[in-house]
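Asker: What follows is a single structure, and I will ask about it in a moment.
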Amino acid sequence: GVLGISCGIISGQDEPPKSPPAKAGEKGEKKAEEEQEWTGSVDDEALAEDAPIVVSNPAEWKALWEKWKFAEKLPELDFSKKVAVVQTTRASKIKLQISLEKETGVLSVRSMSTRDLRPGFRYVIATFPREGIKSVEASE
């Protein structure tokens with residue numbers, strides 16, 4: 058089957074959106090606005106097995122970056138204001154779908170991926186404002 062980890066982080070805002078989101082889910086949900094995103098592929102698919110769903114501190118961030126052996130220098134993130142969401146798949150493409158239930162603070166993280174399996178794994182890492190998030194629900 059597809060090795061997928063769905064994770065998500067989204068932030069709530071103090072004021073309600075002025076218009077309904079284009080892909081709004083249930084009442085009170087809004088699409089999360091990501092700030093930064095990294096995508097790519099890693100040859101060793103075993104590295105995806107224990108990938109975190111949410112990265113919320115510098116130690117976890119550094120460990121993930123080093124484990125997956127990214128060539129790019131470790132980006133500095135202010136984890137007092139941001140969280141990072143990590144999703145992986147063995148399919149050729151992956152897309153995040155993240156929403157925040159404003160009343161409860163539940164961040165809902167889903168991913169969609171193609172059905173074709175490839176060697177290694179593809180990943181998406183995205184950062185979101187921490188504000189308004191109380192818990193995370195992830196599904197594949």
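Quick note on my numbering: the sequence shown kicks off at 58 and runs consecutively. Even for Gly, the Cβ is constructed at its ideal location relative to N, Cα and C. Here the structure is a predicted model, which is why all the values come from computation and not from measurement.
1. Give me whichever residues DSSP pairs with proline 132 in a beta bridge.
2. Rounded to the nearest angstrom, what separates leucine 157 and arginine 172 at their Cα positions?
3. Using the beta-carbon count (16 or more within 10 Å), is glycine 186 buried or exposed?
4. Are the CB atoms of alanine 108 and threonine 145 within a distance shorter than 8 Å?
5. Once you ignore the five residues that flank threonine 96 on each side, which residues in its own chain have a CB closer than 6 Å to its CB?
6. What number of angstroms, rounded off, separates the C-alpha of arginine 175 from the C-alpha of tryptophan 122?
7. For glutamate 92, I'd like the list of residues in its chain whose CB is within less than 6 Å of its CB, leaving aside the five on either flank, ordered along the chain.
8. What's the gap between the Cα of arginine 7 and the Cα of tryptophan 125?
9. Rounded to a whole number of angstroms, what is the C-alpha to C-alpha distance between valine 163 and isoleucine 190?
10. Rounding to the nearest angstrom, what Cα-Cα distance links serine 192 and alanine 128 in this structure?
11. For arginine 179 versus lysine 152, is the C-beta distance shorter than 8 Å?
12. In chain order, what residues of the same chain have a beta carbon less than 6 Å from the beta carbon of glycine 82, not counting five sequence neighbours either side?
13. From valine 140 to alanine 195, what distance separates their C-alpha atoms?
Answerer: The relevant details are as follows:
1. Paired residue(s): none; proline 132 is not in a bridge.
2. 27 Å
3. What sits at residue 186 in the sequence shown is proline, not glycine. Its Cβ being crowded by 16 or more others within 10 Å, proline 186 is buried.
4. yes
5. Val181
6. 22 Å
7. Thr184
8. The chain is shown from 58 up to 197; residue 7 falls before or after that span and cannot be answered.
9. 6 Å
10. 32 Å
11. no
12. Only weak support exists for where glycine 82 lies, its pLDDT of 47 falling under 50; the coordinates are left without a value.
13. 15 Å
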